[in-house]
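Reviewing the structure listed below.
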């Protein structure tokens, strides 16, 4: 039989097996096939109303947190306060930066220059980058590059598709002039790692070929805390393993804390889907900076915040989270009943270390839950919601880089919060 | 309790009737059978949630296609997979066809599956992919040539 005829038959077979959705399957949470994990989005309305009420009560909640801490003999020093300057940039001013099909540029910084990209891996040939020194005015720069986030000491980017060898790495000091870089680890593997707290030089000399597990399934995450490199990664049976290294070449296995094993383990009965588990690393579970690493997880009861100075021993500090994050379920009830209370990335927040502290921003790809607040903390303990105006902007996509928090939204263009700690 | 306006339901229903098949097929062509169908559902749900805005777009199907494609990036496994040919269909369809399709480049696969499996016109595929008809034809022809190299073409 001709190839064309086989393909036509295969198309019909495909339609028999993977046929159409009804309107009710999309809009009605009680209807649908048993394999789907699609959130019934309209069902979030009551939760959003609740979130709005919580937001109104946030100052009371914050006071409660403060009072709880006042009773604790181990209370830290009061945090320094921050000075936040807001800037607005219209879509017209953003030019080509705002013309993509989705307002999803990524933004990284080397301290002086901000580098944005439209981060589309599928259309990597058409990927674009822009540079800016103030976040307000952007100039189109090199095309085809995907900047790597979470690094210091310059910019690192790769050319190509994250899943399609060869992946070529380049480095730059200013985001405009790039030179080839030769990493010590397979570039394709390197491209799929989530980094935090490392310099560009450290990433390039890191050797991940000798991780303790002989069958590393996914590269996972690598962060640096103190002088130590720490990695969490999935082995071939998709359970999470951890290893530490002092030189970036020789790795020692270490135990995975229970909460992370549960949060990142594909075989966990609480895993809603493979998609959700893998997103947990990509979406900012960890962020290293300021001498420690924070981790955020979530479940049907709310978010949990963890702190570590070595990346292996963790203390839960959830009580320091805003009440809205502690009590607002990041998951579950908006999903179909069959999914039960399994946790999901949906509604979760992601951590990003910045020049001054950290941000906790709603995970957004592309479901940015409406009304989800973005929070900032100078010390990882006291969290304040950034401007409600920007934080609740319709469909705002939040990126943190340098000392700025960028809120992209299709309605309002770009709003920038520049954070400077007051001395 | 929020009550969804009936006009929203009606217009979204019209959108679904007119475009659901195209969006689902396009994402399955791009992302594989199961993942493609799942992200199509997620993309449609996203469209429903943001219907007030999506309905005003010049090309809502293209927009939701991008949404689904971006969602697929975070799916596991990342390998594109097409459903195996059932045993009772193997005399008609080469069993190696699904894997051969999956091995094509994303653009070749999208063009081949949409044109030859789902009978889209070159213009329809060009509109979806945002490239010229000629480019679609090139992708399709190269993809077909690759398939023939991999599994042969008994009838040709």
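Protein chains in written order, with my numbering: chain A, 1 to 423; chain B, 424 to 579.
Glycine is no exception: its CB is placed at the ideal position from the N, C-alpha and C atoms.
- Ranked by Cα distance from residue 189/A, the first of 161/A, 198/A, 176/A, 180/A is 161/A.
- Comparing alpha-carbon positions, the option among 537/B, 443/B, 542/B, 493/B lying closest to residue 467/B turns out to be 443/B.
- For residue 520/B, the neighbours in chain A by C-beta distance under 7 angstroms run, in chain order, 6, 10.
- Cβ-Cβ distances below 6 angstroms link residue 450/B to 459, 462, 463, 491 in the same chain, with the five nearest sequence neighbours on each side left out; the list follows chain order.
- If you look at residue 131/A, you'll find it in the beta strand (DSSP E) that goes 128-132.
- Residue state for residue 235/A is assigned as strand, using DSSP reduced to three classes.
- According to DSSP, residue 468/B shares a beta bridge with no other residue.
- In the same chain as residue 446/B, and ignoring 5 residues on each side of it, the C-beta atoms closer than 8 angstroms to its own belong to 463, 466, 467, 484, 487, 488, 491, in chain order.
- With a contact defined as Cβ atoms closer than 8 angstroms, residue 157/A and residue 170/A qualify at about 5 angstroms.
- Residue 478/B has its alpha-carbon roughly 42 angstroms from the corresponding atom of residue 259/A.
- In this structure, the alpha-carbon of residue 567/B lies about 14 angstroms from that of residue 542/B.
- Identification of residues in the stretch 504-516 of chain B having a C-beta nearer than 9 angstroms to some C-beta of chain A yields 505, 506, 508, 509, 512, 514, 515, 516, given in sequence order.
- Going by DSSP, residue 92/A is part of the alpha helix (DSSP H) stretching over 91-94.
- Between the alpha carbons of residue 439/B and residue 27/A lies a gap of roughly 11 angstroms.
- With a threshold of 8 angstroms between beta carbons, residue 349/A makes no contact with chain B.
- Going by DSSP, residue 477/B is part of the alpha helix (DSSP H) stretching over 474-477.
- Under the DSSP assignment, residue 26/A falls in the alpha helix (DSSP H) whose first and last residues are 23-27.
- DSSP lists no beta-bridge partner residue for residue 19/A.
- For a Cβ distance threshold of 8 angstroms, residue set 20 of chain A lies close to residue 444/B, ordered along the chain.
- Residue-level contact by beta carbon holds for residue 23/A and chain B, with a gap shorter than 8 angstroms.
- Beyond the five residues adjoining it in sequence on each side, residue 242/A comes within less than 6 angstroms, by CB distance, of 232, 254, 256 in the same chain, given in chain order.
- Non-local C-beta neighbours of residue 420/A in its own chain, meaning closer than 6 angstroms and more than five positions away in sequence, comprise 83, ordered along the chain.
- Closest in C-alpha terms to residue 324/A, from the list 356/A, 353/A, 384/A, comes 384/A.
- Contact of residue 467/B with chain A by beta-carbon distance below 7 angstroms involves 21, 26.
- For residue 143/A, the enclosing beta strand (DSSP E) stretches over residues 139-143.
- Inclusion of residue 245/A and residue 229/A in the CB contact set at 8 angstroms is warranted, their separation being smaller than that value.
- Against chain B, the beta carbon of residue 414/A has no neighbour under 9 angstroms; the closest one sits roughly 18 angstroms away.
- 8 angstroms or more divides the Cβ of residue 515/B from the Cβ of residue 16/A.
- Within chain A, the residues whose beta carbon sits less than 8 angstroms from that of residue 447/B are 18, 20, 21, listed in sequence order.
- Within the stretch 532-563 of chain B, those residues whose Cβ lies closer than 8 angstroms to any Cβ of chain A are, in chain order, 535, 536, 539, 540, 541, 542.
- Fully contained in the stretch 147-232 of chain A are the following alpha helix (DSSP H) runs of length 4 or more, in chain order: 187-191, 200-205.
- When beta bridges are read from the DSSP output, residue 385/A appears opposite 375/A.
- With a threshold of 16 other beta carbon atoms within 10 Å, residue 400/A meets it and is buried.
- For the pair residue 355/A and residue 140/A, the Cα-to-Cα distance works out to about 25 angstroms.
- For residue 456/B, the chain A residues whose Cβ falls inside 7 angstroms of its Cβ are 14, 18, in order along the chain.
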